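Structure record follows, encoded as structure tokens.
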Amino acid sequence: MQATQVQPVLTRVSFPALDMLRSERNLVGVHIASALIALTVGIFMGPFQSFHRAPAFVNTFLGQIPVFSYYYQAVTVHGVMLALFFTTLFIVGFSYYVVQRSLQRQIKGIQLAWVAYALMLIGLAMLVFTLANDVQRSAVLYTFYPPMIAPAIFYIGLVLLVVGSWIAAFLVFWTYNAWRKEHPGERVPLAVFAIIVNYLMWFISSLGVAIEVLFMLLPASLGWIQTTDPQMARVLFWFFGHPLVYFWLIPAYVSWYTMLPKQAGGRLFSDPLARMAFIMLLLFSIPVGVHHLYADPGVSQVAKFVHAFLTFTVTVPSFMTAFNIGASLEIASRNNGGRGFWGFIFKQRWNDPVVASQLVGMLLFLAGGVTGLMQASAQINITVHNTSWVPGHFHTTLGGAVTMTFFGILYWLLPLLRGRALFSKKVALGQAFTWLVGMVIFGFTMGEAGLNGAPRRADLANSPYMTPEAGLWLNGAAIGGIILFVSVVLLFINLIGTLFFSTKPVEGEAPIQTKVEVASPAIFERWRLWIAIVVVLCVIAWGPVFVEALDFTNGFTAIPYTTSGAPLR
């Protein structure tokens, strides 16, 4: 008698093309809405910081520039709300949507997803409360280095954000594992593959900042310990800090690789090449963080050399992405009737705000990538370290590739959530192009100000050590800030218009891929192998750095502080 093989029961869900299931709309919608709240709180602080640093603006307004009075509060709000809360909430909501649609199944453990959201929302509320009500003590900037110590509620809010994101990551892994059992031998869609890579990298790297907060900063704020070690804290933060950039960037890559080719009128050039790039980002994004510590005497030259080498290595997947996406856009331009170099440029769908926003992000990312590569050199890094060059580079990366791609995603995702068409494509295009102009001006002038000696994160418009050349370039950065402010206003006009005033039906389907058309090597999904390699690389690259920083005699006892953050000596 021949045995019959039991086939797995498939749990496919049929998602509507131009609508959302109620559970899907609720879960994704609250994350996007909360992300927009964090965006609202943080984004307007950006232009007004540039006004406070510009001598011409300060002298014109006699120091009475509105919105905030304490510069370092604004820097902290801007960084924490945008770099931590806006990005994390948006990424989690976007990930839920992409995973469900790509795998054609609902996220596993939906109740836990709501618990994770509640934790992140409470964390957001805590941060907003303490930043608004305890201005001096909470102004520890987005890097929150000790011996500056914030109120305990500041750190508890950050803990809740990270724990909520960990739960979200677990649910994505759980959903993928259930899909894998039902689809043995198949390749997971590229978008889900990238999201899994992103959450693996995020979980591993965020262990560093979790240890810093739970065992150093929070106990200090509560008065449980009386001394701290700034060098160890900086090492732990940058174990997390540089992979954080890729945590922001990989969702933008998801859109570029899996959505933009279709939106632009073409197809992805190579799926296997994309998977290789994501695996390389997983391997090499964590053991590179010491390039943020080139100026720290507590890190050996050998460790700095190792991390410098690996920093140049992590540029390889970026070049692979540039080639792959460039080839995909070439296919799109030819499908749109373009030929040659100028056809490649002008036959893109610049009149579509979804496409134009992402292309703007790519253009800005060229500047961010080049300046980042320059900073990977220790010699140049020492020259520009702690100058306004650094935020100039940083804004063309986070404020360029990431932010503009997220806005491009919003221009098709928000209409689906609302069930109405985008309020105005013309306003969206205006927002994208004013952002491009404003960010180019801001990034270039901040870089030049840094080369002329302007320090970063300092309220220095009328400082006696401000050189005339640096002041001139900071005035230029403020002009960029004005243009960016106009762009932000256009963004909110469109968001509010889409939510409350749009009457036309949704026009286009979500650009989600549910099947893999080109086979890729099975080794790409051998996650235990890649995690093991990541651990080995981290031990090699980070182990000596942690050993060097473990100094309980001259480290933790070196800088006592009070719970107000003021050093005792």
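According to my numbering, the residues represented by the sequence shown are 176 to 744, in order.
Just so you know, even glycine gets a beta-carbon here, dropped at the ideal spot from N, CA and C.
Keep in mind that this is a model prediction, so the values were computed, not measured.
- Taken through DSSP and simplified to helix, strand or coil, Pro405 comes out as helix.
- The closest CA to that of Ile461, considering only Leu392, Ser381 and Leu704, is found on Ser381.
- Contact between Gly574 and Gly625 is absent: CB atoms are separated by about 16 Å, not below the 8 Å threshold.
- In this structure Phe598 touches Asn669 by the C-beta definition: roughly 5 Å separates them, less than 8 Å.
- Residue Val363 holds the alpha-carbon nearest to the alpha-carbon of Phe699 among Ile400, Val363 and Phe660.
- Within the stretch 294-345, the runs of alpha helix (DSSP H) at least 4 residues long that lie entirely inside it are, in chain order, 310-313.
- Looking at the DSSP output, Pro630 shares a beta bridge with Thr562.
- If you draw a 10 Å sphere on the C-beta of Glu692, you find fewer than 16 other C-beta atoms in it, and that means exposed.
- Taking the Cα of Ile212 as reference, the smallest distance to any Cα among Val252, Arg197, Tyr247 and Arg228 is reached at Val252.
- In this structure the stretch 654-665 touches the stretch 603-615; the number of beta carbon pairs closer than 8 Å is three or more.
- Taking a 10 Å sphere around the C-beta of Phe569, we find 16 or more other C-beta atoms and assign the residue as buried.
- Pro696 sits in coil when the DSSP states are folded into three classes, being neither helix nor strand.
- Between Val290 and Ile282, the gap from beta carbon to beta carbon reaches 8 Å or more.
- Leu278 is positioned such that its CB atom lies closer than 8 Å to that of Trp354.
- Put simply, the backbone Cα of Leu393 is about 35 Å away from that of Val429.
- Between the alpha carbons of Ile520 and Glu682 lies a gap of roughly 26 Å.
- Take Ala551, set aside five residues on each side of it, and the residues of its chain with a beta-carbon closer than 7 Å to its own are His466, Ala483, Thr486 and Phe487, in chain order.
- Rounded to whole angstroms, the gap between the alpha carbons of Leu435 and Val530 is 7 Å.
- Straight across, the Cα-Cα distance linking Thr678 with Arg200 is about 19 Å.
- Listed in chain order, the alpha helix (DSSP H) elements of length 4 or more contained wholly in the stretch 626-692 are 643-675.
- For Leu294, the closest alpha carbon among the candidates Val334, Arg280 and Phe329 is that of Val334.
- Looking only at Asp404, Pro680, Thr402 and Phe348, the smallest Cα-Cα distance to Phe378 is reached by Phe348.
- Proximity to Leu287 across Phe261, Ile342 and Ile654 peaks at Ile342, based on C-alpha coordinates.
- Rounded to whole angstroms, the gap between the alpha carbons of Ala542 and Thr571 is 6 Å.
- As the crow flies, the alpha-carbon of Val337 is around 22 Å from that of Phe459.
- Annotation: the continuous alpha helix (DSSP H) that includes Ala531 extends over Pro528 to Gln550.
- In the DSSP annotation of this structure, the continuous segment of the alpha helix (DSSP H) that includes Glu199 starts and ends at Arg197 to Ile218.
- Of all alpha-carbon atoms in Leu375, Thr215 and Ser508, the one lying nearest the alpha-carbon of Ile708 is that of Leu375.
- Burial check for His358: the Cβ neighbour count within 10 Å stays below 16, so the residue is exposed.
- Bounds of the alpha helix (DSSP H) holding His482 are Gln476 to Thr488.
- Taking C-alpha positions only, Val477 is separated from Lys600 by approximately 53 Å.
- In the structure shown, Phe232 falls within a helical segment according to DSSP collapsed to helix, strand and coil.
- Under the DSSP assignment, His253 falls in the alpha helix (DSSP H) whose first and last residues are Tyr246 to Gly254.
- Apart from the 5 residues on each side of it in sequence, Ile331 sits with its Cβ closer than 8 Å to the Cβ of Gly298, Met301 and Leu393 in its chain, given in chain order.
- Going by beta carbons, Phe329 and Ser313 fall inside the 8 Å limit.
- The stretch 400-416 and the stretch 319-328 touch, with no fewer than 3 CB-CB distances between them shorter than 8 Å.
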